[in-house]
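Here the protein sequences line up with chains V and S, keeping their order.
Residue numbering for the first sequence follows the working numbering, starting at 4 and increasing by one per position.
Residue numbering for the second sequence follows the working numbering, starting at 2 and increasing by one per position.
Comments concern the structure below.
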Amino acid sequence: MRARGLRLALAIGAALAWAGGSAPARAQALVADLSNHLVAITTGFTGAEILLFGAVEGPGDVVVTVRGPARDEAVRRKVRVAGLWMNGAEVRFTSVPVFYAFFSSKPPADILTDEIAEIHQIGTDNLTLRTESTKSPEEIDEFRSALIRAKERQDLYQSEPGRLAFLGQRLFRANLVFPGNVPTGSYRVEVLLIRDGAVVSAQTTPLYISQAGVSAEVYEFAHRQAVLYGVLAIILAVGSGWLAGAVFRKV
Amino acid sequence: MQLYLPIAEMSVDVFLLFLLGGGIGFLSGLFGVGGGFLLTPLLIFVGVPPAVAVATQANQVIAASVSGAISHWRRGNVDVRMGLVLLAGGFVGSSLGVVLYTVLRALGQLDLVIALSYVFFLGTVGGLMLMESMRVILRKWRSSAPPRRKLHVHTWIHGLPLKIRFRTSKLYISAIVPFVIGALVGVLAAILGTGGGFLMLPAMIYLLGMPTVMAVGTSLFQIVFVAANVTMLQSIHNQTVDVFLALALIVGGVIGAPLGSRLAGRLPGEQLRALLAMIVFGVSLKLLLDLVQTPGDLFILLPPVAQ
C-alpha cells in the first residue's frame, strides 16, 4: 500500500514536471494518466479500482468518460400472447460500449453545452448508439432507454456522474471503479478540460482489461481447443464423481 | 471468497456455489433424482448467463450421476441392453437438441421455450406424482393391506414392431419405445441442461413397465453418457462449459448427496415421494406465474447473436 502511494506521488510529480517544465513553447493545458493501464482478471478477481490523476494549467473544469469496447446488442419488447409474456419486436443497436461511466468536477449541466455533451458522449443520454431499425424515433428511444436500464442493472453503465475532485487549483483525481463482471477488451478513457463552455484541451488514454493467469488460460483453451476442452471437462467430471463415490463408500 | 469464472466472465462467491451444489446434492441424495431442473433456474438467478448455466449443468450432471451409476452397476441394477437403446435415442436427441438450442437462441425465444418446457413437464410429472402418493397415503390410512399389482399392463405399446427381449428387466417390447423416450429426454437434456431423470424415470416405470430399482440404475447409466455428449457438443458449438463453475458445484454436491441419502433412510417412502412431488409441482407453478405476470421491465436485453 505504502509503496503504491509512493509510486503514485512520483507519478504525479513527474506529470507535474512534464506539464510545467518540459513544454517550453506552449504550456500543455491538461495532463492526465492512470495508476495502471492494465487490469488483469485473475481467479480471485472481484472488480478493480483505478486512480485517474492529472493536472491542469489555468482555470477550468474536468470531465472524464470511460468507454468499453463496442459490441452489438439486441433489445426486445415483451408482448403478451395468449396470456403468456414472450419476446416480441426487436431493435438492434451497433457500436454499443460494453461499459460506460463518466466523472465530472461540477454538475455537467452547469459547465457543458448540449452540443459538447453530445459530441463527447458525456452522460448515457448522449451515447451514440446506431441502429438500422425503421421504427419511429419515439419508439427507438424507448428501446434505447431500456438498453441503458438493463446495463445499469448489470452495474456496467453509470447514468450519474462520478466524483472528480480537485486538490487545490491544479491537481485532480478520480477513482474509476470496475465491477466483478466487467467485460474484457480495450477501453478508452477520455479526459476533457472545459473552460467557459468550450473544450480547451483533451487527452485520451487507453486501458486494457483482460483475463490473466489460470482463468485466461482456461478461456483461451476453451476457445482454441474446443474438442480437447470438452474431453477434459468430461474426464474431470467422471473422475471427481467416481472419486467422491469411492471415498464415501469407505466412510 | 470470490471466484472468477473464466467462461461465464463474472466473479461469484465460491461458498454460494458450494451451497447451491450442496443443496441440490442433498435433494438428489434424498429423492434419487438429479435435481438439475432446480439448479439451472437457480444459477440463472445468481447471474450466470443462461447459455453457460445450461451447458455447465450438463457437465455437473456427469459427476452427480457417475458414482450412483457405478454402485447400481455393482449391484446388477443396470439393464445394459435397455441402456444402450435409450442411449442411441439419447445421442440422436441431444445432438438435435443442441442444434435446436442454437436456432432458438437466434430467434430470441430460447428463454420462453425453456420456461414453457419446464412448466409443462414439471407440472405434469409433479401433478401425477402428487396424485399417486396422495392415493397411496390415503389408502394406507384406511386399510393396511395394499392391493396386489399386475406385473405390467398390456397396451398399444406392446403391439409395435422391432420387439427385443430385455432379459434383465424381464420385458419383451419394441425397441422403438425406449429409443423415442431416450431421444425426447436427450432433446430436453440439451435445451434445459438437466439429466432428465425426472422424466426418464416415470417413463421407464409406467410406460415400459421396468422394475423401479432397475429403472433407476439404467437411467443413471445412460444419463452419464448423454450428459457427456451434451458437454462435448456445447464445448464445440458454443464454448459455454465453465469447468470452474462445474467443479465448485460438484464439490458442493459431493458433500450434500450422502447427507441427503442418510436422511432418506430415516423418512418413510410415501411421504418422501409426496414431498418431492410438491417441490416439483411448486417449481412449475412458480415458473408459470413468472410467464403470466406482467414483468417489471417490458424490455429485455438479449445476448447478441450473429445473423
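Even for Gly, the Cβ is constructed at its ideal location relative to N, Cα and C.
Quick caveat: nothing in here was measured; it's all calculated off a predicted structure.
Using the C-alpha atoms, what's the distance from residue j back to residue i?
i	j	result
A269 (chain S)	F199 (chain S)	Inspection of the sequence shows that residue 269 (chain S) is occupied by Pro rather than by Ala. The straight-line gap from Cα to Cα measures roughly 20 angstroms.
V194 (chain V)	R74 (chain V)	23 angstroms
L44 (chain S)	F245 (chain S)	14 angstroms
G160 (chain S)	L292 (chain S)	40 angstroms
L4 (chain S)	L20 (chain S)	14 angstroms
G57 (chain V)	P111 (chain V)	19 angstroms
G171 (chain V)	E121 (chain V)	30 angstroms
G94 (chain S)	V188 (chain S)	5 angstroms
K141 (chain S)	N78 (chain S)	29 angstroms
S29 (chain S)	L17 (chain S)	18 angstroms
V67 (chain V)	E163 (chain V)	12 angstroms
Q61 (chain S)	L179 (chain V)	37 angstroms
L87 (chain S)	T46 (chain V)	40 angstroms
A70 (chain S)	K81 (chain V)	43 angstroms
F102 (chain V)	S243 (chain V)	38 angstroms
A56 (chain S)	T241 (chain S)	6 angstroms
R147 (chain V)	L163 (chain S)	58 angstroms
T219 (chain S)	T169 (chain S)	11 angstroms
S136 (chain V)	E142 (chain V)	10 angstroms
P50 (chain S)	R198 (chain V)	44 angstroms
By a C-beta neighbour count over all protein chains shown, 10 Å radius and 16 as the cutoff for buried, is residue i buried or exposed?
i	result
A9 (chain S)	buried
Q223 (chain S)	buried
V214 (chain S)	exposed
P209 (chain V)	exposed
T116 (chain V)	exposed
S294 (chain S)	For the sequence presented, residue 294 (chain S) should be read as Gln rather than Ser. Exposed: under 16 other Cβ atoms inside 10 Å.
V217 (chain V)	exposed
F282 (chain S)	buried
H73 (chain S)	buried
S213 (chain V)	exposed
V100 (chain S)	exposed
T97 (chain V)	exposed
A236 (chain V)	buried
P140 (chain V)	exposed
M130 (chain S)	buried
Indicate the three-state DSSP secondary structure (helix, strand or coil) for residue i in the structure shown.
i	result
E135 (chain V)	coil
A265 (chain S)	helix
M2 (chain S)	coil
G37 (chain S)	helix
L33 (chain V)	strand
D14 (chain S)	strand
P140 (chain V)	helix
V42 (chain V)	strand
G188 (chain V)	strand
D112 (chain S)	helix
L43 (chain S)	helix
V180 (chain V)	strand
E220 (chain V)	helix
E193 (chain V)	strand
I63 (chain S)	helix
- Jot down the residue ranges of each uninterrupted alpha helix (DSSP H) in the stretch 179-247 of chain S, minimum 4 residues, whole runs only, in chain order. 198-203, 213-238
- Task: Could you please tell me which residues of the stretch 204-222 of chain V, in chain order, have their CB closer than 9 angstroms to any CB of chain S?
- Result: Q214, V217, S218, A219, E220, V221, Y222
- Note down, in chain order, all residues in the stretch 75-105 of chain V with a beta-carbon under 7 angstroms from any beta-carbon belonging to chain S. D75, E76, A77, V78, R79, R80, K81, G86, L87, W88, M89, N90, E93
- Where the stretch 237-248 of chain V meets chain S: residues whose CB sits under 9 angstroms from a CB there: I237, L239, A240, V241, G242, S243, G244, W245, L246, A247, G248
- Item | Positions along the stretch 58-74 of chain V whose CB lies within less than 9 angstroms of some CB in chain S | R74
- Output, in sequence order along the chain, the residues in the stretch 236-251 of chain S whose CB is closer than 8 angstroms to any CB in chain V. S236, I237, Q240, V242, V244, F245, A247, L248, I251
- Query: Can you list, in chain order, the residues of the stretch 173-200 of chain V whose Cβ is nearer than 8 angstroms to any Cβ on chain S?
  - Reply: G183, N184, P186, T187
- Select from the stretch 132-152 of chain V all residues with a C-beta closer than 7 angstroms to any C-beta belonging to chain S, and list them in chain order. F146, A149, L150, R152
- Chain-ordered residues of the stretch 222-233 of chain V with a beta carbon less than 7 angstroms from chain S: Y222, A225, H226, A229, V230, Y232, G233
- Against chain S: residues of the stretch 43-54 of chain V by CB proximity under 9 angstroms: I44, T45, T46, G47, F48, T49, G50
- Task: Note down, one range per segment and in chain order, each beta strand (DSSP E) of at least 3 residues found wholly within the stretch 249-303 of chain S.
- Result: 300-303
- In chain order, each beta strand (DSSP E) run of at least 3 residues that lies wholly inside the stretch 39-91 of chain V: 41-44, 50-59, 64-70, 73-84
- Message: Under 9 angstroms, CB to CB, which of the residues in the stretch 10-27 of chain S have a partner in chain V?
- Response: E10, M11, S12, V13
- Message: Which residues of the stretch 109-143 of chain S have a Cβ closer than 8 angstroms to any Cβ of chain V? Give them in chain order.
- Response: G109, Q110, D112, L113, L117
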